[in-house]
Amino acid sequence: MEELAPAAACDRQVVYAPQIQELLARTEKVFRVDETTVGVSDPDLMSAVVAARPVLASERSVFKPAAGADIHHESATGTIRALGQDVAASVRTPPPPPHLLAGAWPDVATSYLRRWLYASDALPVSLLSKRGVTRSDSLSKLVDQAVAVWPGADSGGTALAQQIRGASSTRDRKQAIALYRRASATLCDGVAALAANALWLMNRTPTYTRGSLTPVLWETLRLLPPAWMLFRTGGEAYTALHPAIGPGDDIAMFPLLMHRDPQYWSDPLVFRAERWSGVSDPERTPGFMPFGFDGARCWARHLVVPLAERLLEVCLENGVTIGDAQRETHIPLRSLLSVRFEAEVRG
Ligand code: HEM
Numbered sequence: 025m026e027e028l029a030p031a032a033a034c035d036r037q038v039v040y041a042p043q044i045q046e047l048l049a050r051t052e053k054v055f056r057v058d059e060t061t062v063g064v065s066d067p068d069l070m071s072a073v074v075a076a077r078p079v080l081a082s083e084r085s086v087f088k089p090a091a092g093a094d095i096h097h098e099s100a101t102g103t104i105r106a107l108g109q110d111v112a113a114s115v116r117t118p119p120p121p122p123h124l125l126a127g128a129w130p131d132v133a134t135s136y137l138r139r140w141l142y143a144s145d146a147l148p149v150s151l152l153s154k155r156g157v158t159r160s161d162s163l164s165k166l167v168d169q170a171v172a173v174w175p176g177a178d179s180g181g182t183a184l185a186q187q188i189r190g191a192s193s194t195r196d197r198k199q200a201i202a203l204y205r206r207a208s209a210t211l212c213d214g215v216a217a218l219a220a221n222a223l224w225l226m227n228r229t230p231t232y233t234r235g236s237l238t239p240v241l242w243e244t245l246r247l248l249p250p251a252w253m254l255f256r257t258g259g260e261a262y263t264a265l266h267p268a269i270g271p272g273d274d275i276a277m278f279p280l281l282m283h284r285d286p287q288y289w290s291d292p293l294v295f296r297a298e299r300w301s302g303v304s305d306p307e308r309t310p311g312f313m314p315f316g317f318d319g320a321r322c323w324a325r326h327l328v329v330p331l332a333e334r335l336l337e338v339c340l341e342n343g344v345t346i347g348d349a350q351r352e353t354h355i356p357l358r359s360l361l362s363v364r365f366e367a368e369v370r371g
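In the numbering used here, the protein residues as written are 25 to 371.
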């Protein structure tokens, strides 16, 4: 069990999955995770691994192949553009009712964001982002088929939905449907995880108010980065980079460990948003890479932080708090690192 302290006072603890706890206890920056995986938390080596070769199509998350074909660069950039337009349009509209933020986080935050961003899409497209549907493979397939046949009226709805309607071939339409599903999920799940981690770390500290949330989010991205591990399948490209890396070794890189390295951070386990005051470009800070390294940097990072900030503002305006009785949170072993808690709405 590890204690993370906000600058003011800490009365809550984070309990990590045993595998993550083991990693946090490591002091070496290059180490063996298992027979076929080398772990790395050294910033220079991580940066060299990422630069050694482009990400393989199969290693991508949002833009991995769909409908039996790679995603073209124009479809990928069009998707990010559409995502940006939809986020900008949504944050200008009133948020959904705040009582919907009560309950089990980060799940309620994911559903809240999906409703805020994608509820304007007509059926059946809006089902592509419904949690009840996305959790079931068979329902997802049915909805995909329905959207392929009936992508909706010619106007209205989100820019992501327009990508589906604008597709010029059956395969393009199938890919656009997959991209709607993946992009909306990545956005809502990632921002919900980030906002949940921020609410937990803020720990009701009264100095963190509307207007001071950007540094809170950068400090959250340091201590509890949702993208806590980056993975590369092994190959010749990496063996020359470090003697511990063999030709058959996969590489697991850990921003989570790098962000707590005392070589780069004073009081690394202390949550101190003030670190980021006046820092104009946080991603140029040594030992800090919450959105990846040059060569595979996150395409959506410019919209993730503002959306999380808007969600946190809604939480503060409406008295969303973590129940007094909750003294610890468990972080399970998932690809997105997120605390779990029950929220109350007191506003
Ligand atoms: C809280 C939300 C997010 C976080 C923390 C995050 C973090 C990251 C990180 C750490 C990387 C580097 C991955 C690697 O090197 O293996 C990355 C890459 C990437 N991210 Fe994000 N991301 C988020 C949301 C999104 C969203 C919403 C999208 C788009 C729908 C997106 C699209 C991408 C793309 C396209 C890449 C480049 C990797 C590639 O070439 O496929 N990310 N992101």
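Yeah, the Cβ is synthetic: ideal placement off N, Cα and C, and Gly gets one too.
If you compare alpha carbons, which of the options is closest to residue i?
i    : options                : result
L327 : Y40, S71, W252, A113   : A113
R296 : A143, W252, W242       : W242
Y288 : P67, A49, L211         : P67
F315 : M70, D35, S144, R370   : M70
A49  : I269, L280, D161       : L280
S304 : P356, P239, R139, Q45  : P239
L211 : R116, V157, L141, A191 : L141
T427 : A332, D145, G190       : The structure shown does not extend to residue 427, since the chain is modelled only from 25 to 371, so the question has no answer here.
Q186 : T194, G176, R195       : G176
D110 : R77, E98, L80, Y204    : Y204
S153 : E337, A209, P356       : A209
P230 : V171, T345, P249, L184 : T345
P292 : T244, A320, G302       : T244
R321 : E59, V57, A41, V79     : V79
E368 : A251, S82, C339        : C339
P356 : A75, G311, F365        : F365
L98  : Q199, D161, W300       : Note that residue 98 is Glu in the sequence shown, not Leu. Closest by alpha carbon: Q199.
S236 : G270, D285, R299       : R299
D274 : H123, G102, G258       : G258
G102 : W323, E337, A76, H354  : W323
G108 : V329, R370, A276       : V329
R189 : L47, A207, V149        : V149
M313 : T134, A191, M253       : M253
V363 : R116, A222, K53        : A222
L218 : G63, L361, A81         : L361
R246 : A349, G311, Q350, T61  : G311
Tell me, which residues are paired with residue i by DSSP?
i    : result
I275 : V62, R256
Y40  : I355
E368 : T345
A90  : A93
R139 : In DSSP, R139 forms no bridge with anything.
V54  : V64
Does the beta-carbon of residue i have 16 or more other beta-carbons within 10 angstroms, so that it is buried, or is it exposed?
i    : result
V173 : exposed
P130 : buried
E151 : Per the sequence shown, the amino acid found at residue 151 is Leu instead of Glu. By the neighbour-count rule (16 or more Cβ atoms within 10 Å), L151 is buried.
E260 : exposed
H283 : buried
F255 : exposed
R36  : buried
R138 : buried
G272 : exposed
E352 : exposed
A33  : Summary for A33: the model assigns pLDDT 48, below 50, so the residue's position carries little reliability; its value from the coordinates is reported in the next sentence. Exposed, since its Cβ has fewer than 16 Cβ neighbours within 10 Å.
E333 : buried
Q169 : exposed
P3   : No statement about residue 3 is possible, as the shown extent of the chain runs from 25 to 371 and does not include it.
S301 : exposed
R159 : exposed
L147 : exposed
G214 : buried
P250 : buried
R197 : buried
A397 : Outside the modelled stretch of the chain, which goes from 25 to 371, sits residue 397, for which no answer is possible.
R77  : exposed
Q43  : exposed
G373 : This structure gives no information on residue 373, because the portion of the chain shown stretches from 25 to 371.
V38  : buried
S359 : exposed
**OP:** Please go through the segment 208 to 264 and give each complete alpha helix (DSSP H) segment of 4 or more residues, from N-terminal end onward.
**Re:** 237 to 247, 260 to 263
Original post:
Whole beta strand (DSSP E) runs in the segment 106 to 135 with 3 or more residues, listed along the chain?
Top reply: 127 to 129
Original post:
Which whole runs of the beta strand (DSSP E) in the segment 297 to 325 are 3 residues long or more, in chain order?
Top reply: none
Original post:
Which parts of the segment 166 to 205 are runs of the alpha helix (DSSP H), unbroken and 4 residues or longer, counting only runs that do not cross its ends?
Top reply: 183 to 189
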